[in-house]
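Note that the sequence shown ends on residue 333 in our numbering; no numbers are left out.
No residue lacks a Cβ here, since even glycine has one placed at the ideal position from N, Cα and C.
Computed from a predicted model, the values in this text were never measured in an experiment.
Working notes, structure below.
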Amino acid sequence: MRLNVLSRTMVVSMMFLGLLTVTTAVAVMVGTTSQDIIALLFSGAETEQAGRTWMILLEYRLPRTLLAVVVGAGLAVSGVVFQGVTRNPLAEPYLMGISAGAALGAVISITLSGEYQFFGTSVAAFLGGLVSVALVYGLVSVRKKGDYVNTVILAGVIVAALMNALMLLVMSVSSSHELQRILFWLMGDFSLADYQEVQVAGLFVAGGSIFIYAQANRLNLLIAGDETAAYLGVHVARTRTLLIIAGSLVTGAVVSVAGTVGFVGLVIPHVMRLLFGPDNRVLLPACFLGGASFLAAADCIARTAAYPLELPVGVVTALTGAPFFLYLLIRK
């Protein structure tokens, strides 16, 4: 049985790794300079036009696509974690109020841009997400009795409502230019991606995903029920807390660099579950690579579909992913 699971994991991983490679290559090459890029790759000529093409390719397209890959992988893996530990199919990476806290941090940073800005938008958003998680755990620790999972969910809802109210308060005193930047950030934005953001977010996503995958068997047991997991030797409270913290850190990191990209963390785990089953040893790699491929493709569409305008990537993820999910749901 163990060999069978390992074989399935390898097959699924190799399949989606190939898909990710193709998707990334296409996303980097597609755009207004596609012909120049193809000519450059095949000719290797060193001209002024070739220099501009290399600059577009390496300083704009590649970091943007890589950031979409990192964010898609992180959101999908976090979605698996939150749906598993809460045993709630509607749970998503923003469950702990992380999205609202990060949005508040970003809104404050954008509004104070200038001499009063102490942190960059990404740092402020990440700190805001951490504050939300700390508040949620503070509320959970105060109420020691009752269902842990429901308490976490309710605390997340309360904290998210508080953060959203504070965000609207800050937005009400912002200028029209700042409101435009805030709105675009809230809908998801990769246009200002750079290699530093890719590295920082990539470290969080890679480290968190490795830790979460190491807990795949325990996550399977938690889904089966707390009593079953405890009977089979799992420290339920500690394991659930560690998984939630890992998922929260991954979510906070990707939200801080990309804004609130919806749909990926909610539906990609369901799609992969319909295709490959509920075993997290197979599901987690499938979601990691599938989420990365999906968001890279969605960002490519957002960048090119309405050129010269650029669509929010969050809108594209919902419009392209929802019909596919409905198709799978009907067929399965």
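Exclusion of the five residues before and after G139 leaves no residue of its chain whose Cβ lies closer than 8 Å to its Cβ.
Where F264 is concerned, there is no enclosing alpha helix (DSSP H), because DSSP gives it neither an H nor an E. Taking C-beta separations shorter than 7 Å and ignoring five residues to either side along the sequence, the partners of A319 in its chain run G263 and F264, following chain order.
Inclusion of A297 and A126 in the CB contact set at 8 Å is not warranted, their separation being larger than that value. Your pair S257 and G130 checks out as a contact, with CB atoms roughly 7 Å apart and the cut at 8 Å. Remark: C-beta atoms of S79 and P90 do not approach each other more closely than 8 Å. With contacts defined as CB atoms closer than 8 Å, V6 and V316 fail to qualify as a contacting pair. For the 8 Å CB-CB criterion, L285 and I213 form a contact.
About 6 Å separates the beta carbon of M172 from that of L180, a gap short enough to meet the 8 Å contact definition. Bounds of the alpha helix (DSSP H) holding N281 are N281 to T305.
Counting along the chain, V201 sits inside the alpha helix (DSSP H) bounded by residues Y196 to A215. Taking the Cα positions, Y232 is about 50 Å away from V29. DSSP places N165 inside the alpha helix (DSSP H), whose first and last residues are Y149 to S173. DSSP, reduced to helix, strand and coil, places A92 outside both helices and strands of the structure shown, so it counts as coil. Within a 10 Å sphere around the beta-carbon of G209 sit 16 or more other beta-carbons, which makes this residue buried.
Here H236 carries a coil assignment [DSSP, helix/strand/coil]. F326 sits in a helix when the DSSP states are folded into three classes. Taken through DSSP and simplified to helix, strand or coil, G19 comes out as helix. Taking C-beta atoms as the reference points, L267 and F17 fail to come closer than 8 Å. Following the DSSP letters along the chain, one finds S123 inside the alpha helix (DSSP H) bounded by residues T122 to V143. The beta carbons of V314 and A299 sit about 6 Å from each other, so the pair counts as a contact at 8 Å. Of the residues R9, T24 and E60, the one whose Cα lies closest to the Cα of A194 is E60.
The beta carbon of V31 is closer than 7 Å to those of C301 and T305 in its chain, skipping five residues each way along the sequence.
Going by C-alpha positions, V71 is about 12 Å away from L63.
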